[in-house]
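Asks: Submitted below is the structure of interest, expressed as structure tokens.
Chains as they are written, first to last, in my numbering: chain A, 75 to 300; chain B, 1088 to 1138.
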């Protein structure tokens, strides 16, 4: 049986996230251009980075799935996809809420938004594919190929603001010539990204453990031990 | 500050975004914890029943 140790980094991450949100609401200064509403950035950007991190993990696990014949890696892929879907949905929803007071619309078919929506749809599609196919080689291979396609969407999302004329603001954190953000704002934002990375990896770890245990239960029931 | 953001009350938007974030992140973590407890309980019962 796997241990419960995976919950420790998750709990630390969740406690740190509460602190980061408090700093985001009460400590960082107001933005000169957008006013108070810009504070959504401290949720929106870390969520987006978490969705990207999940895609990177999915790429690694998909390659491992293709290289091995066991179901071991597919559980990690599934856990990663679930976590990735949650953070992509949160990115889209928080972006939409931020878009209304700044752009005047909840949604627009902008390149950054559309490619992010595509990421969410592909994460959802991965889970549907996993459920639809029977356990075995066919499922492993199909899911792994889709996992690699999901990861390929991330650089497109990231570069979309440079490649196309978009309503979404250009890169402000990682750009040549340094960030355009104020020091305090940037510190809290980067802290949020790091905390969200810890939470994402812990969630994947915990969910993977649960999937392995559930599979163990299923195998026992198939063998008639229940 | 642009005209649109200057005339908009930001609080409901910030509140809505963070409530959603709270539900997604803390809610999913709580669900993971409960799910883990449930599966562990099943396995414990199963292992106890073994002769």
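All C-beta atoms, glycine included, are put in the ideal place defined by N, C-alpha and C. As the structure is a computational prediction, the values presented were derived from the model and not from experiment.
Label residue 210/A either buried or exposed according to how many other C-beta atoms from any shown protein chain fall within 10 Å of its C-beta, with 16 as the threshold for buried.
Replies: In the first chain, the residue the question calls residue 210/A occupies position 136. It is exposed - the Cβ of residue 210/A has fewer than 16 other Cβ atoms within 10 Å.
Asks: According to DSSP, is residue 283/A helix, strand or coil?
Replies: Position 209 of the first chain, counted from the start, is the residue given in the question as residue 283/A. Shown here, residue 283/A sits in a helix according to DSSP, grouped into three states.
Asks: Taking the alpha-carbon of residue 1106/B as reference, which of 171/A, 153/A, 151/A has the nearest alpha-carbon?
Replies: One-based indexing of the second chain puts residue 1106/B at position 19. For residue 1106/B, the nearest C-alpha among the options comes from 171/A.
Asks: Going residue by residue through the region 199 to 264 of chain A, where are the continuous alpha helix (DSSP H) segments of at least 4 residues, counting only ones entirely within it?
Replies: 211 to 237
Asks: Please report the residue range of the alpha helix (DSSP H) in which residue 157/A lies.
Replies: Along the first chain, one-based indexing puts residue 157/A at 83. Here the alpha helix (DSSP H) through residue 157/A covers 146 to 177.
Asks: Just confirm the distance between the C-beta atoms of residue 140/A and residue 215/A, as a whole number of angstroms; I'd bet it's less than 8 angstroms.
Replies: Here the question's residue 140/A lines up with position 66 in the first chain. Here the question's residue 215/A lines up with position 141 in the first chain. Indeed, because the Cβ distance is near 7 angstroms, the residues count as touching under 8 angstroms.
Asks: Out of curiosity, what's the CA-to-CA distance linking residue 168/A and residue 123/A?
Replies: Within the first chain, the letter at position 94 stands for residue 168/A. Within the first chain, the letter at position 49 stands for residue 123/A. Those two C-alpha atoms are separated by around 13 angstroms.
Asks: Just confirm the distance between the C-beta atoms of residue 117/A and residue 1104/B, as a whole number of angstroms; I'd bet it's less than 8 angstroms.
Replies: In the first chain, residue 117/A corresponds to position 43, counting from 1. In the second chain, residue 1104/B corresponds to position 17, counting from 1. Yes, they are in contact, since the Cβ atoms of residue 117/A and residue 1104/B sit about 6 angstroms apart, within 8 angstroms.
Asks: What does DSSP give as the partner residue(s) for residue 109/A in the beta ladder?
Replies: As a position in the first chain, residue 109/A is number 35, starting the count at 1. According to DSSP, residue 109/A bridges with 105/A.
Asks: Alpha carbon to alpha carbon, what distance is there between residue 295/A and residue 1133/B?
Replies: By 1-based counting over the second chain, the position of residue 1133/B is 46. By 1-based counting over the first chain, the position of residue 295/A is 221. Cα to Cα, the separation comes out at about 10 angstroms.
Asks: Tell me which same chain residues have a C-beta within less than 7 angstroms of the C-beta of residue 176/A, skipping the five on either side of it?
Replies: In the first chain, the residue the question calls residue 176/A occupies position 102. Closer than 7 angstroms at the Cβ level, and outside the excluded window around residue 176/A, lie 108, 111.
Asks: Would you grab the beta carbon distance between residue 1123/B and residue 280/A for me? Rounded to a whole angstrom, and I think it's under 8 angstroms.
Replies: Counted from its first residue, the second chain places residue 1123/B at position 36. Counted from its first residue, the first chain places residue 280/A at position 206. Confirmed, about 7 angstroms.
Asks: Measuring only between beta-carbons, confirm whether residue 239/A sits less than 7 angstroms from chain B.
Replies: Sequence index remark: in the first chain, residue 239/A carries index 165 (1-based). Taking Cβ atoms only, chain B never reaches closer than 7 angstroms to residue 239/A, which makes this a no.
Asks: List, in order along the chain, the chain A residues whose C-beta lies closer than 7 angstroms to that of residue 1121/B?
Replies: What you label residue 1121/B is simply residue 34 of the second chain in a count that begins at 1. The contacting residues do not exist; residue 1121/B stays about 10 angstroms from chain A at best.
Asks: Between residue 1126/B and chain A, is there a C-beta pair that is closer than 7 angstroms?
Replies: To locate residue 1126/B, count along the second chain from 1; it is residue 39. It does; some Cβ of chain A falls within 7 angstroms.
Asks: Ignore the nearest five residues each way along the sequence and tell me which others in residue 282/A's own chain have a CB closer than 6 angstroms to its CB.
Replies: For this step, residue 282/A is matched to residue 208 along the first chain. Once the five neighbours on either side are set aside, the close Cβ partners of residue 282/A are 149, 150, 153.
Asks: Establish whether the CB of residue 117/A and some CB of chain B are separated by less than 7 angstroms.
Replies: Here residue 117/A refers to the residue found at position 43 when the first chain is read from its first residue. Yes, its Cβ sits closer than 7 angstroms to a Cβ of chain B.
Asks: Cα-Cα, which of 104/A, 79/A, 162/A, 182/A is closest to residue 260/A?
Replies: As a working note, residue 260/A is residue 186 in the first chain. The option with the nearest alpha carbon to residue 260/A is 104/A.
Asks: Just reading off the alpha helix (DSSP H) that residue 95/A is part of, what are its end residues?
Replies: For this step, residue 95/A is matched to residue 21 along the first chain. Counting along the chain, the unbroken alpha helix (DSSP H) around residue 95/A starts and ends at 81 to 100.
Asks: Among 224/A, 184/A, 273/A, 90/A, which residue has its Cα nearest to the Cα of residue 240/A?
Replies: On the first chain, position 166 is the one that residue 240/A refers to. Of the candidates 224/A, 184/A, 273/A, 90/A, the one whose C-alpha sits nearest the C-alpha of residue 240/A is 184/A.
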